[in-house]
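If you read the sequences in order, they're chains A and B.
One point on numbering: in my numbering, the residue at position 71 of the first sequence is 71, and numbering is uninterrupted.
For any residue, its number in my numbering is found by taking its place in the second sequence, counting from 1, and adding 1000.
Everything below concerns the one structure shown next.
There are 2 protein chains.
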Amino acid sequence: MIQDFQTYLKTNAGVTNRQLEQLQDLIFTKTYEKGELLLDKGQICRHTFFVEEGLLRFFSISEEGKEHIIQFAPEGWFVSERNSICFNEPSEYFIDACERTTVALMSQEFVEKASRVSPQFRMYNERILQNHIRQLQKRIKLLIGSNAEERYLDFVRLYPDLMLRVPQWMIASYLGITPESLSRVRKNLVKG
Amino acid sequence: MIQDFQTYLKTNAGVTNRQLEQLQDLIFTKTYEKGELLLDKGQICRHTFFVEEGLLRFFSISEEGKEHIIQFAPEGWFVSERNSICFNEPSEYFIDACERTTVALMSQEFVEKASRVSPQFRMYNERILQNHIRQLQKRIKLLIGSNAEERYLDFVRLYPDLMLRVPQWMIASYLGITPESLSRVRKNLVKG
DNA sequence: CGTCGAATTGATGTCATTCAACTACAGTGG
DNA sequence: CCACTGTAGTTGAATGACATCAATTCGACG
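Rendered as C-alpha cells:
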C-alpha cells in the first residue's frame, strides 16, 4: 500500500490544491533501505517523518543494550522525536526502517508555513497530537494493567497487518517481554 | 502552592492582559472536595481541567475492579479525556480529586476562542501537547524496560512532592505494581 | 549445501503477585 | 476517655508469571 503525502493531506486534513501549491518547495521525500537509520541517538531531529510506504520503528536502547520499541509507524503514520524538534535537545531515541521505506520529510519550517496558509492543516495537526496521546495512554493502561497474553491479543487486534510484516522478536520488544515469552504465549493461545 | 490560571497563561504562555479580557466570560473555576469525581466513565468530557490548587488523578478501572492511574495532575497541570473531548465519545477513564482541589475549566469554546485571539495561547497549547507526548513515551520506556525499583526511583526523582501527598497504594497503582510489592521495594532501598 | 538469524522448547531462576496475618493510626460513637 | 471500626502499610509463605540460559529446529539466502 502506498500513501501519498499530498493526497493524504487533501483527503484527511482537507488541505486544498491551492494551499499545497504554496508549500511545494518545502516538500521532500526520501527512501531509506531496510535497517537504515533515520535518526540516531544524540542527533538533533530536524523532521517529522510521514510514512508513504514501508515501516518505521521508534525505539530506545537501554544500558544493557536492549532495544525497546516505543512505536511502529506504517503507511500513513507520523513519527518524530519531539524532545528534539521542539526543544532542540539531542535525541534519546532511534528511528530506523524495518522495510525499505519512503517518507515525506516535514521540517519545522514546513509545519509552520503549512499552519499559516492552511487552517485545515493546523487543525488536523493538532488532532494528530491528541490522537497520539490517546494511544499512548491506552498503551500505558495495558502495560500497567494487563499480562503478556492480553497485551499480545490487543496488539494483534489493533495491528493485524504488522503481525505479518515484523519479526516476532520486535513484537516482543514492543510488548515489553522477551521473544521466548512471546513464543510461549502464542503456543498457549493455539492449543488453549 | 496556588497556581492562578490567568497568571499562569500570562507568565508561561505569554498571553496578554488584553487577550485575557476578551476571554473573561469563558473562564470559570470550581472547587472539588477530596474524593469527588470530576469525570465519570461513560460521561462525555466537556472540559480540560487546569489545576490551580490541589491534586487530580486520571485513572481507569479494570474488569476485576482494580484502579490503574494513568496520570497525576498537581498544581499547574492540565488533564482531560481527549477521546471524549475531541471525538465526542463516552469517557473510558475517571478523574477525581486526591485532595480538595480548585480547577479552572477550559471548554472547547474557550480553547478555540483563545487560540483565535491569542497566537501565543495556540502555540503554548501545542507545546503542552508535545510535552505530554514526551512524558508518556518516557513512561512507556520505563514500563517496558525497567523493573519496579527503577520505576519507583524515577517516580521519586520526578515527583518528590507527590511522594508526600499521595498514599503509597496510589503510587503503586501508578507504577503498575501491588502495594505490597512497593512496600518491599522501599524496604530494600532503605537497607540496601 | 552451509551459514546465520529467527523461533521454539526445556530447565531453572528471579521478581512480583496473592493471600493472610498483623500493626499502626485516625475517626466515630458510646 | 476508651472501645470499635476501617484503611494504610508491613511482613511472611506460597504461587505464578516472566526472564534467563542453553540446546535445537526452522527457514531464508548466498
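Using N, Cα and C, we set each Cβ at its ideal position, and we do this for glycine too.
Quick check: what's the CA-CA separation for M123 (chain A) versus S181 (chain A)?
42 Å
Can you tell me where the alpha helix (DSSP H) holding S1183 (chain B) begins and where it ends?
P1179 to K1191
Rounding to the nearest angstrom, what Cα-Cα distance links G76 (chain A) and K1034 (chain B) in this structure?
44 Å
Give the DSSP-derived three-state secondary structure of M1001 (chain B) in the structure shown.
coil
For H1068 (chain B), go through chain A and note every residue whose CB falls closer than 7 Å to its CB, in chain order.
K141, I144 and G145
7 Å Cβ cutoff, Q201 (chain A) in contact with chain B:
Residue 201 (chain A) cannot be examined here, being either before or after the span of chain A that is shown, 1 to 192.
So, F78 (chain A) versus T31 (chain A), is the Cβ gap smaller than 7 Å?
no
Determine whether the beta carbon atoms of F94 (chain A) and F50 (chain A) lie at a separation below 7 Å.
no
Using the Cβ count rule (16 or more neighbours within 10 Å means buried), how would you classify L39 (chain A)?
buried
Apart from the five residues just before and just after I1177 (chain B), which ones in its own chain have a Cβ nearer than 7 Å to its Cβ?
A1148
CA nearest to the CA of Q71 (chain A), picked from A:R46, A:N88, A:Y159 and A:R186:
A:Y159
So, with DSSP's three-state summary, where would you put I1061 (chain B)?
strand
For A1013 (chain B) and N12 (chain A), the rounded distance between their alpha carbons:
30 Å
Cβ neighbour criterion (16 or more within 10 Å) applied to I2 (chain A):
exposed
Flag this pair as yes or no: are the beta carbons of Y206 (chain A) and I61 (chain A) separated by less than 7 Å?
With chain A represented from 1 up to 192, any question about residue 206 (chain A) goes unanswered, as that position is not in the structure.
Using a Cβ cut-off of 7 Å (strictly closer), state whether H47 (chain A) contacts chain B.
no
Beta-carbon proximity of V15 (chain A) to Q108 (chain A), cut-off 7 Å
no
Go ahead and label P1090 (chain B) buried or exposed: buried means 16 or more other beta carbons lie within 10 angstroms of its beta carbon, across all protein chains shown.
exposed
Inter-residue CB distance, K1113 (chain B) and L1023 (chain B) (contact presumed, cutoff 8 Å)
6 Å
Would you kindly work out how many angstroms separate the C-alpha atoms of F87 (chain A) and K41 (chain A), rounded to a whole number?
15 Å
For chain B, is any of its Cβ atoms less than 7 Å away from the one on L153 (chain A)?
no
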